[in-house]
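Residue numbers (my numbering): 24 to 76. For reference, the structure is listed below as structure tokens.
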Amino acid sequence: MTCSECLAHVSHCHGTLIVDLVAVECTDADCVDLDPARHALVVARGRVPVSTR
Ligand SMILES: [Zn+2]
Ligand SMILES: [Zn+2]
């Protein structure tokens, strides 16, 4: 896969960063840095706080 960031030689990842409540992981097994800034796709997983009021 090639994207504009690839062409610009920017350090980034094509995987999806999954931000959990207690951990962060990436769908790309070759991911070397779990930095949200390197990922175009970042999803939050886990329970969303529900307001009872
Ligand atoms: Zn790219
Ligand atoms: Zn990644």
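Glycine included, each C-beta is placed from N, C-alpha and C at the ideal position. These numbers come from a predicted model, not from an experiment.
The alpha-carbon of Asp-58 is positioned some 16 Å away from that of Arg-68. Using a cutoff of 7 Å, the CB of Thr-25 counts as near ligand 1, since one of the ligand's heavy atoms is closer than that. Around the beta carbon of His-62, 16 or more other beta carbons lie within 10 angstroms, which makes this residue buried. Considered as a whole, the region 41 to 73 harbours 47 to 49 and 62 to 67 as its complete beta strand (DSSP E) runs of no fewer than 3 residues, in chain order. A heavy atom of ligand 2 is found nearer than 7 Å to the CB of Asp-51.
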